[in-house]
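Heads up: the protein sequence lines correspond to chains Y and H, in order. Numbering of the first sequence is given in the numbering used here, commencing with residue 39 and proceeding in unit increments. Numbering of the second sequence is given in the numbering used here, commencing with residue 13 and proceeding in unit increments. One structure below.
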Amino acid sequence: MNGAIVTFKKELFSYCVSPVSWLIAVLFYLMRGFELSRLVRHFADNRLDQELLPTLSYGLSSTFLMVMLVPGILTMRCFAEERRTGSIETLLTAPVRDFDVVLGKWGAAAAFYALLWLPSVVVLHVLQYGMFLDADLAFGPVFAAYLGMFLLAGFLLAFGCFASSLTDNVLLAALKTIMFCFCLLRLPNLVGGSVEVANQYYLRELLDKLDVMRNFSEWFARGLIDSSQVVFYLGGIAFFLFLCGISLQSRRIA
Amino acid sequence: MISVSELTKLYGPIVAVDRVSFEVARGEVVGFLGPNGAGKTTTIRVLTGYHPASSGTATLAGFDVAKDSLSVRKNLGYLPQEVPIYPDLRVVEYLRYRAALKGVPARERKLAVERAMDKAAIADVARKLVGNVSHGYRQRVGLADALVANPPILILDEPTSGMDPNQRLRIKQVVKDLAAEHTVLFSSHILAEVQEVSSRVLVIHRGVLRADGRPDKLVAQTGRSRLQVAVAGAPAALAAALASVRGITPGPVLPAPDGTCQTTCAVDAHTDPRPEVGRRLLQHGLPVCELRLDLPTLESWFHALTAGDIATVPSTLPTPEASR
């Protein structure tokens, strides 16, 4: 476990000093701020129920950007860069378990992703205490929504780590993860909408279960935590981290 | 400390390492020689657990590389041929990170890093970003990394590559000093360096271990001295003068336009025929322009070995016990 903690600290430091990370943060905060200010103005102008504001804020384009693009960009260097520069050799010949390395790298990516989201929580409270919102923001729904977001992100980041371990091409690793995110977020909805699928009950049910965006808006965004979805995401994280570990270990297997 | 038996590594149909066996005892500094593509780095990568062997076994510090890779790595400091280091970390930060990764306790880490930096002579660049230091310094940072956890076994793949003569001298001394506390296996292309530093050399060529022994003994065993003779006179007279000297085999005599002629003679091992040759030349009235004995070097021996001029049969390789 020492290896995982050491790797986590080193990787988190690398994220914090990387210009790409800061570029993502600036773009996200700018976009988020702009969208949120428009949303607040819209609610105020049309006298809408302001309790719905946090729920609607999760569906902004900046959220989509964070879910669709950022996991691929954050994880693309995890192993692909190490393989490209050859530093994977010094890493894998150090007395550390391959799974510890995977866990440390994924943990750092997830922690940095959480750091990116943190200001958005603060913004909601600033809006409330700054008298921009009349309604009280309930802690439960906000917590559930962020939990759902982090579980989804953790799942996508785990896939990103796995994709990065398969290649020494950083861009290819990012592209694979972005494609995976797109498939996970959009395909169930697109396929489920077709007439043939609509007539097949089990397939439709399966696609409904896999439709993470719909599940998010129907459950987590409303403050409801569905244990089957929590298990789905945790299982997915464990599955892809396991595959990533196997991918590293395969170098040692004849 | 290092025991390799019948180690074979295949890359598809290509045999990179072919049934290599050797042992390295505690406290030995062993040079690992071979031309480019001979299988040195492949063997080293198998020993470090980075690549698996296709067949055969290797144990380091009593642990099997294939079955107990983690224990092997705990006892190993490794400097790869190309030192790839994270450019966004300062040298001291990188070494602290590596020390932590290698399980050096937090309270001992500062001292361990300082000691490793001292040994590798990189204290002056401790605060520089690793990406900004020169290739030679980066190589030394890699060496400090290998030393930081004070492992009993060190495997150094071309530790002086890319260094200037002063840095090379320093590292040679470091490697010599390491013998007191560590078992060292290091590869190098600079044969004089290997001869000076190591107590024993292993030579691998085309994946096969071709020689194993003390450098001086190997050279003496298989190498021949050469005698350069140049005189002012006729080629026939020189040939006649040398014909009766014992222990030398004269080569063809080549005339020069200035009226001199010269030849190169192969000389039997452990003999110095210069006094006798000089006497014969005087007897034949040939003024001597040059009389030089070139002793065999590891370089000439290595060249002859890898060019196929010397056939080292594995069965004649000295046993590890004998070479100790």
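Backbone N, C-alpha and C fix where the C-beta goes; we use that ideal spot for every residue, glycine too.
Could you give the first and the last residue of the continuous beta strand (DSSP E) run that contains residue i?
| i | result |
| --- | --- |
| Arg289/Y | Where Arg289/Y is concerned, there is no enclosing beta strand (DSSP E), given that its DSSP letter is neither H nor E. |
| Phe198/H | Thr195 to Ser199 |
| Gln274/H | Thr272 to Val279 |
| Asp189/H | Looking at the DSSP string, Asp189/H is not in any beta strand (DSSP E); the run it does join, the alpha helix (DSSP H), is Pro177 to Leu190. |
| Gly245/H | Element bounds for Gly245/H: n/a, residue is neither H nor E. |
| Val300/H | Val300 to Asp306 |
| Tyr90/H | Leu88 to Leu91 |
| Leu293/H | Segment Arg286 to Gln295 is the alpha helix (DSSP H) holding Leu293/H; no beta strand (DSSP E) there. |
What did DSSP end up calling residue i once you bin it into helix, strand or coil?
| i | result |
| --- | --- |
| Ala118/H | helix |
| Pro330/H | Confidence is the limiting factor: at Pro330/H the pLDDT is only 45, short of 50, which leaves the residue's position unreliable, though a coordinate-based value still follows. Note: Pro330/H maps to coil in three-state DSSP. |
| Thr71/H | strand |
| Ser335/H | Any reading at Ser335/H must be qualified, since the residue scores a pLDDT of 41, below 50, and its modelled position is unreliable; no value is offered. |
| Tyr149/H | helix |
| Lys21/H | strand |
| Leu82/H | helix |
| Thr318/H | helix |
| Phe34/H | strand |
| Glu40/H | coil |
| Cys54/Y | helix |
| Tyr62/H | coil |
| Thr261/H | strand |
| Pro267/H | strand |
| Tyr98/H | coil |
| Arg127/H | helix |
| Ser15/H | strand |
| Val44/Y | helix |
| Ile134/H | coil |
| Ile26/H | strand |
| Asp310/Y | Residue 310/Y is absent from the structure shown; chain Y starts at 39 and stops at 292. |
| Ile165/H | strand |
| Leu98/Y | coil |
Of the residues the options, which one's Cα is nearest the Cα of residue i?
| i | options | result |
| --- | --- | --- |
| His150/Y | Glu49/Y, Ser285/Y, Val159/Y and Leu279/Y | Position check: residue 150/Y holds Phe in this sequence, whereas His was assumed. Taking only the C-alpha atoms, the option nearest Phe150/Y is Glu49/Y. |
| Gly263/H | Pro269/H, Met175/H, Leu310/H and Ala248/H | Ala248/H |
| Met104/Y | Phe177/Y, Val78/Y and Cys219/Y | Cys219/Y |
| Leu222/Y | Ser95/Y, Lys247/Y and Gly283/Y | Lys247/Y |
| Thr69/H | Leu293/H, Ala252/H and Lys21/H | Lys21/H |
| Asp136/H | Ala124/H, Arg110/H, Gly297/H and Arg102/H | Arg102/H |
| Asp228/H | Thr60/H, Arg121/H, Ser312/H and Asp80/H | Ser312/H |
| Pro269/H | Asp280/H, Gly245/H and Arg292/H | Gly245/H |
| Glu256/Y | Leu94/Y, Ala191/Y, Phe280/Y and Leu279/Y | Leu94/Y |
| Pro177/H | Tyr149/H, Leu293/H and Asp157/H | Tyr149/H |
| Leu254/H | Val58/H, Arg286/H, Gly43/H and Glu120/H | Arg286/H |
| Gly371/Y | Met39/Y, Ala183/Y, Ser285/Y and Thr205/Y | This structure does not reach residue 371/Y, given that chain Y is present from 39 up to 292, and the question cannot be answered. |
| Asp206/Y | Leu262/Y, Ser99/Y and Ala118/Y | Ala118/Y |
| Phe46/Y | Ala112/H, Arg139/H, Leu159/H and Val160/H | Ala112/H |
| Asp249/Y | Gly261/Y, Gln267/Y and Leu86/Y | Gln267/Y |
| Val125/H | Ala156/H, Val145/H and Asn144/H | Ala156/H |
| Ser147/H | Arg139/H, Pro171/H and Ala158/H | The residue you asked about is not Ser; residue 147/H is His in the sequence shown. With distances taken between Cα atoms, His147/H lies closest to Pro171/H. |
Mind reading off the beta-carbon distance from residue i to residue j? Whole number of angstroms is fine, and I expect it under 8 Å.
| i | j | result |
| --- | --- | --- |
| Ile167/H | His194/H | Not really, about 10 Å apart at Cβ, beyond 8 Å. |
| Glu91/H | Asp169/H | It is Leu, not Glu, that sits at residue 91/H in the sequence shown. About 6 Å; that satisfies the 8 Å criterion. |
| Pro96/H | Gly41/Y | About 19 Å separates the two Cβ atoms, so there is no contact after all. |
| Asp76/H | Gly219/H | Actually they are not in contact, since the Cβ atoms of Asp76/H and Gly219/H sit about 22 Å apart, beyond 8 Å. |
| Ser173/H | Gln151/H | 6 Å |
| Val289/H | Leu45/H | The Cβ separation is near 34 Å, so there is no contact. |
| Ala204/H | Glu302/H | With a Cβ gap of about 24 Å, Ala204/H and Glu302/H do not count as contacting. |
| Leu195/Y | Leu112/Y | 7 Å |
| Leu294/H | Thr275/H | Actually they are not in contact, since the Cβ atoms of Leu294/H and Thr275/H sit about 17 Å apart, beyond 8 Å. |
| Leu72/H | Leu82/H | Leu72/H to Leu82/H, Cβ: 12 Å. No contact. |
| Ser199/H | Ile56/H | 7 Å |
Hey, could you find the ends of the alpha helix (DSSP H) residue i is sitting in?
| i | result |
| --- | --- |
| Ser210/H | That residue, Ser210/H, is in no alpha helix (DSSP H); it is neither H nor E in DSSP. |
| Leu107/Y | First-last for Leu107/Y: undefined, no H or E at that position. |
| Tyr109/H | Val103 to Leu113 |
| Leu244/Y | Tyr239 to Leu248 |
| Leu185/Y | Phe177 to Ser203 |
| Leu86/Y | Run containing Leu86/Y: none; DSSP gives neither H nor E here. |
| Leu262/Y | Counting along the chain, Leu262/Y falls outside any alpha helix (DSSP H), and DSSP gives it neither H nor E. |
| Ile126/Y | Ser125 to Leu130 |
Less than 7 Å separating the Cβ of residue i from some heavy atom of the ligand ATP?
| i | result |
| --- | --- |
| Arg121/Y | Within the structure as shown, the ligand ATP is missing, as the structure has no ligands at all. |
Q | Segments of 4+ residues assigned as alpha helix (DSSP H) that fall wholly inside the stretch 217-242 of chain H | A | Those alpha helix (DSSP H) runs which fall completely within the stretch 217-242 of chain H and span 4+ residues are 227-234.
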